[in-house]
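According to full-length UniProt numbering, numbering within the sequence shown proceeds without interruption in unit steps and concludes at 329.
The block underneath contains the structure these notes are about, expressed in structure tokens.
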Amino acid sequence: MSETLQTTTQWGKLTTTLSGYVGIDTLQEQMRKKALKRGFEFHIMVVGGSGLGKSTLVNTLFKAQISRRSCTNESEGTIPKTVQIKSVSHVIEEKGVRLKLTVTDTPGFGDQINNENCWLPILEFINDQYEKYLSEEVNVSRKKHIPDTRVHVCLYFISPTGHSCRPLDLEFMKRLDKVVNIVPIIAKADTLTLEERYAFKKRVREDLEFHGIQFYPMKSLDEDEEETAINQALREKMPFAIVGSDREYQVNGKSVLGRKTKWGLIEVENKNHCEFALLRDMLIRTHMQDLKDVTDSIHYENFRRERLEMHSEFAGPTPPYHEMGESNL
Ligand SMILES: Nc1nc2c(ncn2[C@@H]2O[C@H](COP(=O)(O)OP(=O)(O)OP(=O)(O)O)[C@@H](O)[C@H]2O)c(=O)[nH]1
Ligand SMILES: [Mg+2]
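The following block contains the structure:
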């Protein structure tokens, strides 16, 4: 089989007919090997009112996703109230792929009498990570691999009131939707009936649309048909109705994560009981790379541009090239 190779040179286009195998299809394998060697980093942040189940969800995510065998029962019993922004990292290895998964838990958001600026520490935390990344990037002796501590997704917990979003929820999401990928979720969804869940989801979506709040996955122009269909289906299911638990129960001889109620067991990972599995699959199995790409190409890029513009304004205009002294060249 012959292949055609086109090369653009200063004298024009050269077309060479190649006989035999070129081998560019091995690029994929080369890239895969490099990526595997480097490993992956992913950072999830959880934000929401006090007692909405943020810490429980973090434990659920780790227990459901990360080898259950390696989990001890240390988290059984009541989970203490979180008092500071705290990050936990786990390195997971599966079939030669290494993932450093970091989850940042935030203290009871909106606990104060005056909650006017309670989104500010969270915004600062996210920007601090961008700042760290930027200072590594512009460093003269840049590292081969910059540690990526940027927040790739923020799970925002909405209280299962059954009414609509609180002004505080809207304020937070309005302030942060241009800075980080926000995935809104309905916390403690087991406290709502199925009809209430459905109606509440619809109302939250209407609220977000009315206030022009963007949530992940955003509509994007460079999606192909398949991605559009998948993302549209996800958007229609949002906010995911979540139930969290780090307790395990035996069901038909199998150990499952669940919440035992007077009326039966709610299985956290059962798609008929709640949408935890949908959330987990989106975060880990289907959209992790996209969340990282959107963080890098949109949110971090906005931060970087603003930061560098601010610097250049501060330093004054750069003189034209021919006016620069020898020492500047
Ligand atoms: N019914 C129900 N209860 C839950 C769920 N998730 C957590 N809880 C319970 O709610 C209580 C508070 O959970 P936490 O995970 O500590 O809540 P938090 O959001 O981390 O709270 P702070 O750290 O104080 O902000 C605990 O008793 C949990 O067992 C859920 O999905 N449904
Ligand atoms: Mg907590």
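All C-beta atoms in this analysis are idealised placements derived from N, C-alpha and C, irrespective of residue type, glycine included.
These numbers were taken from a predicted model, which means no experiment stands behind them.
Checklist entry - Taking all protein chains shown into account, do 16 or more other C-beta atoms lie within 10 angstroms of the C-beta of GLY212, making it buried, or fewer, making it exposed? => result Residue burial annotation: GLY212 is exposed, with fewer than 16 other C-beta atoms found within 10 angstroms of its C-beta.
Checklist entry - To the nearest angstrom, how far is it from the Cα of TYR198 to the Cα of GLN30? => result When rounded, the distance between both Cα atoms is 46 Å.
Checklist entry - Relative to the C-alpha of GLY39, which residue among THR295, GLN289, HIS311 and VAL294 is closest? => result When only C-alpha atoms are compared, the closest one is GLN289.
Next on the checklist: I need the DSSP call for GLU309, collapsed to helix, strand or coil.
Outcome noted: DSSP places GLU309 in helix when its eight states are reduced to three.
Next on the checklist: Using C-beta distances below 7 Å, list every residue in its chain close to GLY96, excluding the 5 sequence neighbours before and after it, in chain order.
Outcome noted: Cβ within range, chain order: LEU36.
Next on the checklist: Between which two residues does the beta strand (DSSP E) holding ARG259 run?
Outcome noted: Segment 254-261, the beta strand (DSSP E) holding ARG259.
Item to check | ASP190 to LYS174 span [Cα, whole Å] | outcome: Rounded to the nearest angstrom, the two C-alpha atoms are 27 Å apart.
Checklist entry - Taking all protein chains shown into account, do 16 or more other C-beta atoms lie within 10 angstroms of the C-beta of TRP263, making it buried, or fewer, making it exposed? => result Burial call: exposed.
Checklist entry - Checking contacts by CB at 8 Å: is ASP207 closer than that to chain C? => result Absence of chain C from the displayed structure is noted, only one protein chain being present.
Next on the checklist: Output needed for ASN272: all residues of its chain with C-beta closer than 7 Å, excluding positions within five of it in sequence on either side, in chain order.
Outcome noted: The answer is none, since no qualifying residue turns up.
Checklist entry - Fully enclosed by the region 157-245, which beta strand (DSSP E) runs are 3 residues long or longer? => result Entirely contained in the region 157-245, the beta strand (DSSP E) runs reaching 3 residues are, in chain order, 182-186.
Item to check | Sheet register partners of MET45 (DSSP bridge) | outcome: Beta-bridge pairing by DSSP links MET45 to THR104 and CYS154.
Item to check | Simplified DSSP assignment, three categories, for GLU137 | outcome: Looking at GLU137 - three-state DSSP - the assignment turns out to be helix.
Checklist entry - For SER164, is the beta carbon positioned less than 7 Å from some heavy atom of ligand 3? => result In terms of ligand content, the structure shown lacks ligand 3 and carries ligand 1 and ligand 2 instead.
Checklist entry - Tell me which same chain residues have a C-beta within less than 6 Å of the C-beta of LEU155, skipping the five on either side of it? => result Once the five neighbours on either side are set aside, the close Cβ partners of LEU155 are VAL46, VAL183 and ILE185.
Item to check | Three-way DSSP call (helix, strand, coil) for PHE40 in this model | outcome: Here PHE40 sits in strand by DSSP.
Checklist entry - Buried or exposed: which applies to ASN302, given that a residue is buried once 16 or more other Cβ atoms fall within 10 Å of its Cβ? => result Around the CB of ASN302, fewer than 16 other CB atoms lie within 10 Å, so the residue is classed as exposed.
Next on the checklist: Rounding to the nearest angstrom, what Cα-Cα distance links GLY253 and ASP105 in this structure?
Outcome noted: Going by C-alpha positions, GLY253 is about 33 Å away from ASP105.
Checklist entry - Below 8 Å, can you find three or more Cβ-Cβ pairs linking the region 221-229 to the region 162-182? => result The region 221-229 vs the region 162-182: no contact.
Item to check | 8 Å Cβ cutoff met for LEU61 and VAL103 | outcome: In this structure, VAL103 lies closer than 8 Å to LEU61 by Cβ.
Item to check | Simplified DSSP state of ARG69, which is helix, strand or coil | outcome: Below a pLDDT of 50, predicted positions are generally treated as unreliable, and ARG69, at 38, falls in that range; the measurement from the model is reported next regardless. In the structure shown, ARG69 sits in a helix (DSSP, three-state: H, G or I).
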